[in-house]
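Following: one structure in structure tokens, then a few remarks.
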Amino acid sequence: MYNKGTIIPGLIIFVLFVTFPIWFNGLKAAPAPKPELPPGGEKKCIESVEYMRANHMQVLNQWRDNVLRDDKRTVVEVEGKKYRKGLQQACMQCHSNKEKFCDNCHTFAAVTPYCWDCHLTPKEAASKEGTR
Amino acid sequence: MIEKTLKGKPAYWIWLAFLGMFMAIGAFCYSRQFLFGLGMTGMSRDVSWGLYISQFTFLVGVAAGGVMLVLPYYIHDFKEFGKITILGEFLAIAAISMCLLFIMADLGQPLRALNVVFHPTPSSMLFYDMIVLNGYLFLNILCGWVILTAERKGIHPPKWIYFFVYLSIPFAVSIHTVTAMLYCGLPGRHFWLSAIIAPRFLASAFAAGPALIILACLVLKRVANFDAGKKAMDKLVTIIMYAALLNTFFVFLEVFVGYYSNIPGHKHSIEYLFFGLEHHGHVYDNLVPFMWTSVILNFGALGLFAWPYARKKNEFLLGLSCVMIFFALWIDKGLGFVFAGFVPNPLEEITEYIPTANELGITLGIWATGFFILTLLYKIVIGCEHEMEH
Amino acid sequence: MDTQRRKFLKIAGASVLAGIGAPAIIKLSASTALASDHGVAAGAHGAPAGAAHGAAAHVEAVPQGVRLGMVIDMRKIIEQPVLLDNAITACNEAHNIPQIGNRKSEIKWIWKAPFENVFPGESNYHLAKNVEKSDFAVLCNHCDDPPCVRACPTQATFKVKENGIVAMDFHRCIGCRFCMAACPYGARSFNWEDPRPYIKKYNNQFPSRMRGVVEKCNFCGERLALGQEPACVEACKGTGAIVFGDLNDAQSEIRQVLDKEFTIQRNTSLGTKPSVFYIV
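Next comes the structure, spelled out in structure tokens:
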């Protein structure tokens, strides 16, 4: 092989570089996050925990299109309580603490959804005397 | 062939470093805009498009101008263009790259740019613009590369490539037509609502693009020992002259329609551009000095082109007239056309647009990126030429 | 459930086409989530098939479509200019509209402008003094043939087919501002920067916007869904200064007003078919 002296160290540096996230954490996975359960004590969501864990983003996208585009602002009902479709209108009625519920996993998974660029968390809304 | 870009005289590297500096400034300014929002620019609720979109519009023309080499060479078999047609194709690549960068710089939510693909909307002219711009970029990369590779090997280009060469001709026309349609199909913007916009765009494009190619040839002759040939240059000057004359004629027609019909909506923007628009006792005339500069440069360049000594015997005067016509058209289309369309606004209020330093930094950065790409591409062309001569 | 509703729609649509449908339903919106809670939209059960399918379904059954519109009675606003101020404040508060306070970046859904600016095509030579001096209400016209919708490359702005509202999907907007160039009424605003610091008071029933998207009046689609009137209409309640309703329904209040009064619209020569009318 030509240029053995440069190629092999180069390869080693490359491999070390791309595996950086693995060995930097000492080959251990960080502990999985435990999102906070609804402070109001609600036990049931619109679907099972497993389903929501895997699909909440699709549900939100579908609701978004239902409400905004298709004018299907139908109500979702959980245990006799009615909710309007929407992050602010439904989800955050129970999961009221964004930091302890949403961010908990999102930070762990290194995703930054732009929901709260527009949607108000109860805390944010209260910061400027939320009306109604 | 890319390896040709890696070897050059110090002047080549200094030039690249010079451009690189502006690119770095542009990147820095863009990061500021990215983090803060388009409020970093001088654009406003009333003048909602500024320098980015106007540069985009002008550069689509520069890209389309390349067809003024492709068409005579491939359709009319005008052999003298054999050596420089590739320059036209590569100029188109650089210009379209700038266009796409300018569009990205102009988006409020650049990370969502692909929504145009995810939610295709055939009623929107921007949808077609995306198709033809990317199509034209692809065609020029393909044709330029395949033909240059063949030339370098001293063989004829493969037959199939001619299909794409011929296809690139209607694409060149379509990129500027569709760009004109972004403007001329909008109700309520009188200045843009004119069927002559597309022909006018094409005419100015067919002058500005070739003018830049002549300039490039003159520079390459000095710094890279590349001679495009007298006949080719002469033909290009003729093309520029007719195109610039047509553009002047079209602009005159706009002025005539506005002033003779005396319809306020048709007159306002023209008045704003050339004389300043009076409104509640205040005269708004930001663009007036620019527009008259454009007029003077335009007629000055046409005069020089018409003078045989200047266009045939004196390279300095030839270069000067090309610089003049390029700047005249840049002001006309790259500033005036877009900005004046927003004055007055639909409620007949007037807001003037003054770009901010950050915006200028990004604009310069993108232009530098375009010239960077152009330099590398032309370096490849020159490298191959010289290789064949040996 | 979705398929069921679609089936219902087909049946209902066909029956109305056949002429056996219910008389046109007076509806502000095509949907009434939580309507039963609020006790609104009663009487909307006109369609025979509708009752069986519950509150959510019946409202989408008007096949010819609802076309929501507005009549602004400037005589009343000229008499009582505070009505317009109230309407604007109500809108700003309902929609978390930032008060940026400069012409460059301002965001406005409904605002005030003089006659000559609102109707630049109309003659304002020797205009009646009280009209000349008064401020008119300006807002999105919710055109029947909206140029902004035509221009938008992502369908981020679109016409809601159920009620004719020209709506915005802020999630999808890429901020190209083509719609702003296309709108012949200057109704659209762009978020040149993060609007939140400029919002005085949050309404937690509505989101704010993020920087880089276009926004405009939405005819209070979110309030209509709850059976409420648009915020500006509610602010002028009892005065008749702003009348809102279905332009396609001959029985609606707005049609009664339009039948009786001479109205003008902004720049109709462009063929956009605005849905906002003015009584001067």
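Residue numbers (our numbering), protein chains in the order written: chain A, 1 to 132; chain B, 133 to 522; chain C, 523 to 802. Glycine is no exception: its CB is placed at the ideal position from the N, C-alpha and C atoms.
Closest by C-alpha distance to residue i, when choosing among the options
i         : options                                       : result
Cys91(A)  : Glu47(A), Lys128(A), Ala109(A) and Asp71(A)   : Glu47(A)
Glu77(A)  : Gly86(A), Ala126(A) and Phe17(A)              : Gly86(A)
Glu283(B) : Lys215(B), Met155(B) and Ala224(B)            : Lys215(B)
Ala343(B) : Val248(B), Gly408(B), Pro254(B) and Leu449(B) : Leu449(B)
Ile395(B) : Gly361(B), Ile345(B), Met373(B) and Phe323(B) : Phe323(B)
Ile345(B) : Tyr391(B), Phe160(B), Arg332(B) and Ile371(B) : Ile371(B)
Tyr294(B) : Lys285(B), Leu496(B), Asn272(B) and Gly432(B) : Asn272(B)
Phe381(B) : Val420(B), Phe431(B), Tyr392(B) and Leu350(B) : Phe431(B)
Trp631(C) : Cys705(C), Arg625(C) and Ile619(C)            : Ile619(C)
Ala356(B) : Leu167(B), Ser180(B) and Glu519(B)            : Glu519(B)
Ile498(B) : Ile146(B), Cys161(B), Lys136(B) and Tyr144(B) : Cys161(B)
Thr495(B) : Phe190(B), Leu314(B), Ile457(B) and Tyr298(B) : Phe190(B)
Gly643(C) : Thr679(C), Tyr707(C), Leu590(C) and Lys655(C) : Tyr707(C)
Phe101(A) : Pro35(A), Arg73(A) and Trp63(A)               : Pro35(A)
Val192(B) : Ile146(B), Leu508(B) and Ala339(B)            : Ala339(B)
Gln621(C) : Ser797(C), Ser711(C), Ser791(C) and Leu746(C) : Ser711(C)
Asn624(C) : His664(C), Thr676(C) and Trp714(C)            : Trp714(C)
Burial state of residue i (16 or more Cβ within 10 Å)
i         : result
His580(C) : Residue placement at His580(C) is poorly supported in this model, since its pLDDT is 41, which falls under 50; the coordinates are not used for a value here.
Val249(B) : exposed
Ile547(C) : Because Ile547(C) sits at a pLDDT of 36, beneath the cut-off of 50, its placement in the model cannot be relied upon, and the following sentence gives the value as read from the coordinates. Under this definition Ile547(C) is a buried residue.
Gly543(C) : Bear in mind that a pLDDT of 35 at Gly543(C), under 50, signals an unreliable position, so the number given afterwards is only what the model happens to contain. By the neighbour-count rule (16 or more Cβ atoms within 10 Å), Gly543(C) is buried.
Ile505(B) : buried
Met690(C) : buried
Leu246(B) : exposed
Met52(A)  : exposed
Glu684(C) : buried
Tyr142(A) : Given a span of 1 to 132 for chain A in the structure shown, any question on residue 142(A) remains unanswerable.
Lys681(C) : buried
Phe17(A)  : exposed
Ala30(A)  : exposed
Ala149(B) : exposed
Arg443(B) : buried
Met702(C) : buried
Trp63(A)  : buried
Leu11(A)  : exposed
Where residue i meets chain A, residues with beta-carbon distance less than 9 Å
i         : result
Tyr724(C) : Leu120, Glu124, Ala125, Ala126, Ser127, Lys128, Glu129, Gly130 and Thr131
Phe766(C) : Within 9 Å Cβ-Cβ: nothing; Phe766(C) doesn't reach chain A, min ~17 Å.
Contacts that residue i makes with chain A (C-beta to C-beta distance below 8 Å)
i         : result
His617(C) : Neighbours of His617(C) on chain A: none; closest Cβ ~12 Å, over 8 Å.
Pro729(C) : Gln88, Cys118, His119 and Leu120
Asn685(C) : Asp71
Ile721(C) : Lys128
CB-CB length for residue i against residue j, believed under 8 Å
i         : j         : result
Phe210(B) : Lys367(B) : 7 Å
Pro729(C) : Ile629(C) : Not really, about 14 Å apart at Cβ, beyond 8 Å.
Met592(C) : Asp117(A) : 30 Å between Cβ atoms; not a contact.
Tyr485(B) : Ser176(B) : 7 Å
Phe303(B) : Ile235(B) : In fact, because the Cβ distance is near 18 Å, the residues do not count as touching under 8 Å.
Ala635(C) : Leu479(B) : 6 Å
Met172(B) : Asn490(B) : 5 Å
Ala753(C) : Cys742(C) : 6 Å
Cys120(A) : Gln89(A)  : The identity of residue 120(A) in the sequence shown is Leu, whereas the question assumes Cys. Contact flag wrong, Cβ pair sits at about 11 Å.
Asn97(A)  : Pro33(A)  : Not confirmed; about 14 Å, so no contact.
Phe692(C) : Glu756(C) : 23 Å between Cβ atoms; not a contact.
Amino acids of chain B, ordered along the chain, whose beta-carbon sits closer than 7 Å to that of residue i
i         : result
Thr676(C) : Asn247, Val248, His251 and Thr253
Thr794(C) : Pro319
Contacts of residue i in chain C (Cβ-Cβ under 9 Å)
i         : result
Tyr114(A) : His693 and Met732
Arg177(B) : Arg625, Lys626, Ser627, Glu628, Ile629, Lys630, Met702, Gly708, Arg710, Ser711, Phe712 and Trp714
Beta-carbon neighbours of residue i, restricted to chain C and to distances below 7 Å
i         : result
Trp181(B) : Arg699 and Ala703
Contact set between residue i and chain F, taken where Cβ atoms lie within less than 7 Å
i         : result
Gln241(B) : This model lacks chain F altogether, as its protein chains are A, B and C.
Beta-carbon neighbours of residue i, restricted to chain A and to distances below 7 Å
i         : result
Ala747(C) : Arg73
Ala689(C) : Leu68
Select from the region 67-82 of chain A all residues with a C-beta closer than 7 Å to any C-beta belonging to chain C, and list them in chain order. The region 67-82 of chain A vs chain C, Cβ under 7 Å: Leu68, Arg69, Asp71, Lys72, Arg73, Thr74, Val75 and Lys82.
Given a limit of 7 Å on CB to CB distance, which residues of the region 404-431 of chain B reach chain C? If the cut-off is 7 Å between Cβ atoms, the region 404-431 of chain B has nothing near chain C.
Please identify, using Cβ separations under 7 Å, the residues of the region 34-65 of chain A that lie next to chain C, in order along the chain. Answer in chain order: Arg64.
Along the region 457-486 of chain B, what residues have a CB closer than 7 Å to any CB found in chain C? Result list: Asn477, Pro478, Leu479, Glu480, Glu481 and Thr483.
With 9 Å as the limit, tell me which residues of the region 637-664 of chain C have their beta carbon closer than that to any beta carbon of chain B; keep them in chain order. Across the region 637-664 of chain C, CB contacts with chain B closer than 9 Å involve Glu638, Asn639, Val640, Pro642, Gly643 and Val660, in sequence order along the chain.
Determine which residues of the region 294-327 of chain B have a Cβ less than 7 Å from any Cβ of chain C, and write them out in chain order. Within the region 294-327 of chain B, the residues whose Cβ lies closer than 7 Å to some Cβ of chain C are Leu318, Pro319, Gly320 and Arg321, listed in chain order.
To be precise: take each residue of the region 255-267 of chain B, compare its Cβ to all Cβ atoms of chain C, and keep it if any distance is under 8 Å. Which residues remain? Within the region 255-267 of chain B, the residues whose Cβ lies closer than 8 Å to some Cβ of chain C are Ser255, Ser256, Met257, Leu258, Phe259 and Met262, listed in chain order.
What are the residues in the region 163-174 of chain B lying within 7 Å of chain C by C-beta distance? Shown in chain order are the members of the region 163-174 of chain B whose Cβ falls below 7 Å from a Cβ of chain C: Phe168, Gly169, Leu170 and Gly171.
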